[in-house]
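Enquirer: My structure is below; once you've seen it, I'll send some questions.
The structure is reproduced here in structure tokens:
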């Protein structure tokens, strides 16, 4: 069993008294989870949607999930071997960059990776996303929209008009090409016409074991490879001194 590194005082500066209390409570919750659960998984999120993350939380009520507040989570776990809460948790902190979170659970690595590998949810693309495919609209009646929607459609750039109370698209209209970076208007049009181009998914990237104190990378990317190379170089330099 790895040695305990509890009861370390944590200093959080540049925050209000209420904000400090919230952060301290989060740190305590995280450390309680480290003490309670067998495994700590680091996950990343693609096309973040709060409602879909909430669905996952509900499905994993037997576990604890934390998302956001990366800096506070790093403080709770520790950023170096000197201040880490338990062995090798500072290695976990190194991966808390961007849209990532922590899952504390007693479920096995196989159970966790299998469940999340099968979880996919389609959703509407947002401004800034890339178009997954080209979309063009044919001229003609747009019967799915009430007449009151016509001014809004026209404001989005669509060549529309009312004809006997029916919304008409006066000419063919290209909404986007494949690979386009979507503007707010394009994203809104795609949503109005029911085109989903985004996929919400969670990728399990690594797992830390409370029993062994070891961190195992499950998904390796260029950043992980670069980090391993830096650590190897530092190790070689230390051995040569």
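In my numbering, the protein residues as written are 516 to 756.
C-beta: ideal position from N, C-alpha, C; glycine also.
Pull the bridge partners of residue 696 from the DSSP assignment, please.
Expert: Numbered from its first residue, the chain shown carries residue 696 at position 181. According to DSSP, which records beta bridges pairwise, residue 696 is partnered with 645.
Enquirer: Given a cut-off of 8 Å on the beta-carbon distance, is the pair residue 638 and residue 581 in contact?
Expert: Stepping through the chain shown from its first residue, residue 638 is reached at position 123. Stepping through the chain shown from its first residue, residue 581 is reached at position 66. Taking 8 Å as the Cβ cut-off, residue 638 and residue 581 do not qualify as a contacting pair.
Enquirer: Locate the beta strand (DSSP E) running through residue 583, then write down its first and last residues.
Expert: In the chain shown, the residue the question calls residue 583 occupies position 68. Residue 583 -> no beta strand (DSSP E), and no H or E assigned at all.
Enquirer: Can you give me the Cβ contacts of residue 664 inside the same chain, cut-off strictly under 7 Å, excluding the 5 residues immediately before and after it?
Expert: Position 149 of the chain shown, counted from the start, is the residue given in the question as residue 664. Closer than 7 Å at the Cβ level, and outside the excluded window around residue 664, lie 682.
Enquirer: Please work out which residues of its chain come closer than 7 Å, Cβ to Cβ, to residue 710, disregarding the five sequence neighbours upstream and downstream, and give them in chain order.
Expert: The residue you call residue 710 lines up with position 195 of the chain shown. Excluding sequence neighbours, residue 710 sits near 650.
Enquirer: Which residues in the same chain as residue 595 place their Cβ atom closer than 6 Å to its Cβ, once the five residues preceding and following it in sequence are excluded?
Expert: The count along the chain shown starts at 1 and reaches residue 595 at position 80. Answer for residue 595: 605, listed in chain order.
Enquirer: Measuring straight from C-alpha to C-alpha, what distance separates residue 668 and residue 704?
Expert: Counting from 1 along the chain shown, the entry for residue 668 is found at position 153. Counting from 1 along the chain shown, the entry for residue 704 is found at position 189. When rounded, the distance between both Cα atoms is 8 Å.
Enquirer: Count the other C-beta atoms from every protein chain shown that fall within 10 angstroms of the C-beta of residue 731, then say buried if there are 16 or more, exposed otherwise.
Expert: Taking the chain shown and counting its residues from 1, one reaches residue 731 at position 216. Answer is exposed; the Cβ neighbour count stays below 16.
Enquirer: Note down the Cα distance separating residue 545 from residue 633, rounded to an integer number of angstroms.
Expert: Counted from its first residue, the chain shown places residue 545 at position 30. Counted from its first residue, the chain shown places residue 633 at position 118. Whole-angstrom Cα-Cα distance: 27 Å.
Enquirer: Secondary structure at residue 627, three-state DSSP: helix, strand or coil?
Expert: Translated into positions along the chain shown, residue 627 becomes position 112. Helix at residue 627.
Enquirer: Which of the three DSSP states, helix, strand or coil, is assigned to residue 535?
Expert: Locating residue 535 in the chain shown gives position 20, where the first residue counts as 1. If DSSP states are grouped into helix, strand and coil, residue 535 belongs with the helices.
Enquirer: So, are the CB atoms of residue 624 and residue 722 less than 8 Å apart?
Expert: Position 109 of the chain shown, counted from the first residue, corresponds to residue 624. Position 207 of the chain shown, counted from the first residue, corresponds to residue 722. Yes, Cβ-Cβ distance for residue 624 and residue 722 is below 8 Å.
Enquirer: What's the gap between the Cα of residue 548 and the Cα of residue 579?
Expert: Position 33 of the chain shown holds residue 548. Position 64 of the chain shown holds residue 579. Those two C-alpha atoms are separated by around 8 Å.
Enquirer: Do residue 654 and residue 686 count as a contact pair if the criterion is CB distance below 8 Å?
Expert: Mapped onto the chain shown, residue 686 falls at position 171. Mapped onto the chain shown, residue 654 falls at position 139. A contact, by the Cβ cut-off of 8 Å.
Enquirer: Starting from residue 615 and walking both ways along the beta strand (DSSP E), at which residues does that stretch end?
Expert: Within the chain shown, residue 615 is the residue found at index 100, counting from 1. Residues 615–620.
Enquirer: Apart from the five residues just before and just after residue 636, which ones in its own chain have a Cβ nearer than 6 Å to its Cβ?
Expert: Position 121 of the chain shown holds residue 636. Cβ within range, chain order: 567, 715.
Enquirer: Is it right to say residue 648 is buried, meaning 16 or more other beta carbons lie within 10 angstroms of its own, or is it exposed?
Expert: Working through the chain shown from its first residue, we reach residue 648 at position 133. Under this definition residue 648 is an exposed residue.
Enquirer: Under a three-way DSSP split, which group does residue 549 fall into?
Expert: Your numbering for residue 549 matches position 34 in the chain shown. Helix at residue 549.
Enquirer: Comparing alpha-carbon positions, which option in 551, 537, 600 lies nearest residue 584?
Expert: Locating residue 584 in the chain shown gives position 69, counting from the first residue. Taking only the C-alpha atoms, the option nearest residue 584 is 537.
Enquirer: Under three-state DSSP, which class holds residue 604?
Expert: Residue 604 sits at position 89 when you count from the first residue of the chain shown. Residue 604: helix per DSSP, three-state reduction.
Enquirer: According to DSSP, simplified to helix, strand and coil, what is residue 588?
Expert: For this step, residue 588 is matched to residue 73 along the chain shown. In the structure shown, residue 588 sits in a helix (DSSP, three-state: H, G or I).
Enquirer: Tell me which same chain residues have a C-beta within less than 7 Å of the C-beta of residue 671, skipping the five on either side of it?
Expert: For the purposes of this step, residue 671 is taken as the residue at position 156 of the chain shown. Result list for residue 671: 700, 703, 704, in chain order.
Enquirer: Exposed or buried, residue 737, counting other C-beta atoms within 10 Å across all chains shown (16 or more means buried)?
Expert: Counting from 1 along the chain shown, the entry for residue 737 is found at position 222. Residue placement at residue 737 cannot be trusted, given a pLDDT of 49 that sits under 50; what the coordinates show is reported in the next sentence. Result: exposed.
Enquirer: Taking buried to mean at least 16 other C-beta atoms within 10 Å of its own C-beta, is residue 673 buried or exposed?
Expert: Your numbering for residue 673 matches position 158 in the chain shown. The residue in question, residue 673, is buried, as its Cβ has 16 or more Cβ neighbours within 10 Å.
Enquirer: Work out the CA separation of residue 532 and residue 619 for me, nearest whole Å.
Expert: In the chain shown, counting from the first residue as 1, residue 619 sits at position 104. In the chain shown, counting from the first residue as 1, residue 532 sits at position 17. The alpha-carbon atoms of residue 619 and residue 532 are separated by roughly 28 Å.
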